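Which chain is which? The protein sequence lines are A and B, in order.
Remember, this note's numbering sits 510 above the position in the first sequence when you count from 1.
Remember, this note's numbering sits 9 above the position in the second sequence when you count from 1.
Each residue gets a CB set at the ideal place from its N, CA and C atoms; glycine is no exception.
These numbers were taken from a predicted model, which means no experiment stands behind them.
Beneath this line is the structure, given in structure tokens, with notes to follow.
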Amino acid sequence: MTVSPFLRGLAAAALCAGLLAGCSSVPLDEPAAPVVDKSNDPAAAGAADPRAVAKVDTTGGKAVDPLNDPANPLSKRSVFFDFDSFTVKPEFQGVVEAHGRYLAANKSRNIVIEGNTDERGGREYNLALGQKRAEAVKQRLQLLGVGDRQIETVSFGKEKPKALGSTEEAWAQNRRADIVYK
Amino acid sequence: MSDQPATHPPAVSLRRRALCAAGLALPGLAGAQLRVEITGVGANQFPIAIAPFAGDAPAQVDLAKVIRDDLARSGAFRVVDAGATPVALPAAASVPADLASWKGRGADALAIGSVTRLADGRYDVRYRLFDAVKQASLDGQSFVVQAGQLRLTAHHIADRIYERLTGERGVFATRVAYVVQLSPTAFELVVADSDGANPQTALRSREPIISPAWSPDGAKLAYVSFESRKPVVYVHNVSTGQRQVVANFKGNNSAPAFSPDGRTLAVTLTRDGLAQIYLMNVDGSNVRRLTQSSGIDTEAVFSPDGKFIYFTSDRGGSPQIYRQGLDGGNAQRVSFGGEYAISPDVSPDGKSLAYVARRGGRFQVMLLDLERGSEIPLTDTAKDESPSFAPNGKLVLYATEVGGRGVLGTASSDGRARARLTGPAGDIREPTWGPLIK
């Protein structure tokens, strides 16, 4: 979670004000008040520190998998393409880079990249085009240090459309490579 | 996970493609036969009358109607009304006494037949063909068949009539295969008669099936199945249901095609990165790369002499049809009419190519004369796919969309005689015409 600098500053100021309010001020030219030493008080030693914070963990001890964290760019798994194209557009480079860094740092994780096309044109030609889309994403991941063995590419061509219909919107939805973690 | 391929009852022997009567065959979800409508007629049609057959055929097989429908669908014949009264066969070696009157009714030829049930439950079928102009006998044949073979017998008679009167082989007794999609998770590979009757399910799957291709002996289908969540090529024996994975390499395995001698398969593999064409034995062994380009090479089909393949390649920028010899050498482009040409099929005489062109956003089947380089459109629809020649080269079967549904069409090689084949449910696509069975 990112907190804006302004809010951070405000919180710090409030904290300081709270601390100051809790303290009693001692004028410097009066004799010091006698020091009360409670360090050997048996009653004080057994009681819980009122300023302690105990952690209660409901996650079963595991940290949230960044892959499943909706706030993490890794939660985005699809790259969309222009008609007849297998070029990864600039707006999707961030998604590819996020997965590239993750996979390069987690060598035991493997993915399948599934390439798809819209419904226009022949089935076999589109099967090959879908494969080129999957391969284009794979090549970018490899440039980021992901191993060849971590990535399998497959194509469904136009056979498994996510969006039905013959509209520009449906076509755009289907021109897509999906990153699927195994 | 795939479903098992449909099995046939052991009593069915398909050596002579004896097709089960509807009650015995496994009815597919694909259901009843395709509905056939004639949507265009040929230029020069031979007028013929097929008289209702005399005798005691079972009610569900009207042999004369099957013959009439076959001849009409070919585009080469105009069927003249023969009335509803069965006509008796004349005595051997003579012609009907009223043959001249049939000429008067507009028929240049007349077919007469009979069906007689024998004591053992089989049927004796006889037919004769007469020339109403020359007042002569042209052909005659008799058959003894099982009840389940009556429809096939009618197709054989139609083939004989077609051959006698046009000089070309008839294809009415052949079969076709196609894919039906009933829902996003229900696909079937279906084998049916060439008129769409007797559809039988060879494979039922929850994942797509594409690119079926017949072996030259008509016994096997190769196809691409996505049942393992990626495209894999199978070779499948239609009558036994036995099938084998022949290509499951890294990436895509697709576009299978049998060589004319039935011993080699061409397939498209992306195992080396790009989609390229490879050859292999029909059991999947001895894989060797055939094409070498930096583009997409796919959809290979063999020339009838087995020496070349025609295929789709975008090595020049956009997809076009190329020809390449199997013994090496460069590929030559053969399609020049537009910016996008895919899905070639070569005619049985090797002289024509059917393919799909994209022109102004429309996808249409074209017929290209390979020697002259001239071409004509075969359809007037806009979403055509998958053209497949009949084994006599006279018709092209293809898939298209009408009213939002996937249907099949046939067109004669001059583009004029047309028919549409519609299924009872789902979308029909990926048709492939089976071979003539010797």
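Secondary structure of residue i, DSSP reduced to three states
{"i": "B/Gln341", "result": "strand"}
{"i": "A/Glu645", "result": "helix"}
{"i": "B/Ile305", "result": "coil"}
{"i": "A/Gln652", "result": "helix"}
{"i": "A/Arg633", "result": "helix"}
{"i": "B/Tyr171", "result": "helix"}
{"i": "B/Asp133", "result": "strand"}
{"i": "B/Thr277", "result": "strand"}
{"i": "B/Gly37", "result": "Only weak support is given to the placement of B/Gly37: the predicted model assigns it a pLDDT of 48, under 50, and the question is left unresolved by the model."}
{"i": "B/Asn262", "result": "strand"}
{"i": "A/Val574", "result": "coil"}
{"i": "B/Gly176", "result": "coil"}
{"i": "A/Gly604", "result": "helix"}
{"i": "B/Arg367", "result": "strand"}
{"i": "B/Leu335", "result": "coil"}
{"i": "B/Leu80", "result": "helix"}
Partner residues on chain A for residue i, Cβ-Cβ distance less than 8 Å
{"i": "B/Ile305", "result": "Tyr635, Ala638, Leu639, Lys642"}
{"i": "B/Glu394", "result": "Gly632, Arg633"}
{"i": "B/Glu308", "result": "Gly632, Glu634, Tyr635"}
Spatial distance of residue i from residue j (CA atoms)
{"i": "B/Arg77", "j": "A/Ala646", "result": "55 Å"}
{"i": "B/Val254", "j": "B/Pro240", "result": "11 Å"}
{"i": "B/Arg297", "j": "B/Pro269", "result": "18 Å"}
{"i": "B/Thr409", "j": "B/Lys360", "result": "25 Å"}
{"i": "A/His609", "j": "B/Ile318", "result": "42 Å"}
{"i": "B/Val374", "j": "B/Glu439", "result": "14 Å"}
{"i": "B/Tyr232", "j": "B/Ser352", "result": "15 Å"}
{"i": "B/Gly293", "j": "B/Lys143", "result": "57 Å"}
{"i": "A/Val589", "j": "A/Val664", "result": "15 Å"}
{"i": "B/Asp107", "j": "B/Ser421", "result": "34 Å"}
{"i": "A/Gly625", "j": "A/Ala581", "result": "25 Å"}
{"i": "A/Thr677", "j": "B/Gly369", "result": "17 Å"}
{"i": "B/Glu308", "j": "B/Val355", "result": "12 Å"}
{"i": "A/Gly655", "j": "A/Glu607", "result": "10 Å"}
{"i": "B/Ser302", "j": "B/Pro328", "result": "13 Å"}
{"i": "A/Asp688", "j": "B/Arg215", "result": "21 Å"}
{"i": "A/Asn578", "j": "A/Lys586", "result": "10 Å"}
Chain A contact residues for residue i, given Cβ-Cβ distances below 9 Å
{"i": "B/Ile351", "result": "Gly631, Gly632, Glu634, Tyr635"}
{"i": "B/Asn53", "result": "Near B/Asn53 there are no residues of chain A at all, since even the closest Cβ is about 34 Å away, more than 9 Å."}
{"i": "B/Gly260", "result": "Gln641, Ala644, Glu645, Glu662, Thr663, Val664, Ser665"}
{"i": "B/Pro328", "result": "Gly631, Gly632, Tyr635"}
Amino acids of chain B, ordered along the chain, whose beta-carbon sits closer than 7 Å to that of residue i
{"i": "A/Glu669", "result": "Pro217, Ile219, Phe235"}
Residue i versus the options, residue with shortest Cα-Cα distance
{"i": "B/Ala68", "options": "B/Pro328, B/Val124, B/Ser312", "result": "B/Val124"}
{"i": "B/Val242", "options": "B/Lys112, B/Thr277, B/Gly424", "result": "B/Thr277"}
{"i": "B/Ile170", "options": "B/Asp354, B/Asp107, B/Phe55", "result": "B/Phe55"}
{"i": "B/Ala120", "options": "B/Glu394, B/Ala128, B/Arg126, B/Trp111", "result": "B/Trp111"}
{"i": "A/Phe593", "options": "A/Ala673, A/Ala581, A/Ala682, A/Tyr635", "result": "A/Ala682"}
{"i": "B/Val416", "options": "B/Glu348, B/Gly369, B/Tyr187", "result": "B/Tyr187"}
{"i": "B/Arg9", "options": "B/Ala195, B/Asp202, B/Asp306, B/Ala128", "result": "Residue 9 of chain B falls outside the range modelled here, since chain B spans only 10 to 447, and no answer is possible."}
{"i": "B/Val154", "options": "B/Ile286, B/Arg126, B/Ala141", "result": "B/Arg126"}
{"i": "B/Asp306", "options": "B/Phe345, B/Asp336, B/Asn261, B/Gly347", "result": "B/Asn261"}
{"i": "B/Ala128", "options": "B/Arg44, B/Ala340, B/Asp65, B/Pro99", "result": "B/Asp65"}
{"i": "B/Gly205", "options": "B/Arg44, B/Gly370, B/Thr441, B/Asp314", "result": "B/Arg44"}
{"i": "B/Arg131", "options": "B/Val411, B/Thr162, B/Ala93, B/Ala118", "result": "B/Thr162"}
{"i": "B/Lys316", "options": "B/Ala340, B/Gly418, B/Ala60, B/Ser322", "result": "B/Ala340"}
{"i": "B/Ser263", "options": "B/His245, B/Asn290, B/Ser302, B/Ser220", "result": "B/Ser220"}
{"i": "B/Gly84", "options": "B/Asp336, B/Thr94, B/Phe152, B/Thr48", "result": "B/Thr48"}
{"i": "B/Asp336", "options": "B/Val343, B/Ser322, B/Leu299, B/Gly227", "result": "B/Leu299"}
{"i": "A/Arg659", "options": "A/Arg619, A/Leu577, A/Phe666", "result": "A/Arg619"}
{"i": "B/Gly382", "options": "B/Leu406, B/Val343, B/Asp358", "result": "B/Val343"}
{"i": "B/Val189", "options": "B/Asp436, B/Gly443, B/Lys447, B/Trp442", "result": "B/Asp436"}
{"i": "B/Ala91", "options": "B/Asn53, B/Arg82, B/Ser103, B/Gly113", "result": "B/Gly113"}
{"i": "A/Gly667", "options": "A/Asp559, A/Leu613, A/Asn636, A/Ala644", "result": "A/Asn636"}
{"i": "A/Gly632", "options": "B/Thr431, B/Leu377, B/Ser322", "result": "B/Ser322"}
{"i": "B/Ala60", "options": "B/Arg135, B/Gly122, B/Arg82", "result": "B/Gly122"}
Any non-hydrogen atom of the ligand MN closer than 7 Å to residue i Cβ
{"i": "A/Ala562", "result": "The ligand MN is not part of the structure shown, which contains no ligands of any sort."}
Proximal chain A residues relative to residue i, where beta-carbon distance stays under 7 Å
{"i": "B/Gly412", "result": "Result: empty, since nearest Cβ-Cβ is about 13 Å, beyond 7 Å."}
{"i": "B/Ala264", "result": "Glu634"}
Give, in chain order, every residue of the stretch 67-96 of chain B whose Cβ lies closer than 7 Å to some Cβ of chain A. Cβ contacts with chain A come from no residue of the stretch 67-96 of chain B.
Subject >> Residues, ordered as in the chain, of the stretch 275-302 of chain B that lie near chain A by beta-carbon distance below 9 Å >> reply: From the stretch 275-302 of chain B, only Thr277, Thr279, Gly282, Leu283, Ala284 have a Cβ closer than 9 Å to chain A.
The stretch 419-447 of chain B: positions lying closer than 7 Å to chain A by Cβ:
Listed by position, the residues of the stretch 419-447 of chain B near chain A (Cβ gap below 7 Å) amount to none.
> Looking at chain A, which residues of the stretch 318-348 of chain B have a Cβ within less than 9 Å of any of its Cβ atoms?
Replying inline: Residues of the stretch 318-348 of chain B with a C-beta less than 9 Å from any C-beta of chain A: Thr321, Asp323, Ser327, Pro328, listed in chain order.
inquiry  = Which residues of the stretch 365-389 of chain B have a Cβ closer than 8 Å to any Cβ of chain A? Give them in chain order.
reply    = Of all residues in the stretch 365-389 of chain B, Val365, Arg367, Phe372 have a Cβ within less than 8 Å of some Cβ in chain A.
Contacting positions in the stretch 225-257 of chain B - beta carbon closer than 9 Å to chain A = Flagged, chain order: Val233, Phe235, Arg238, Lys239, Pro240.
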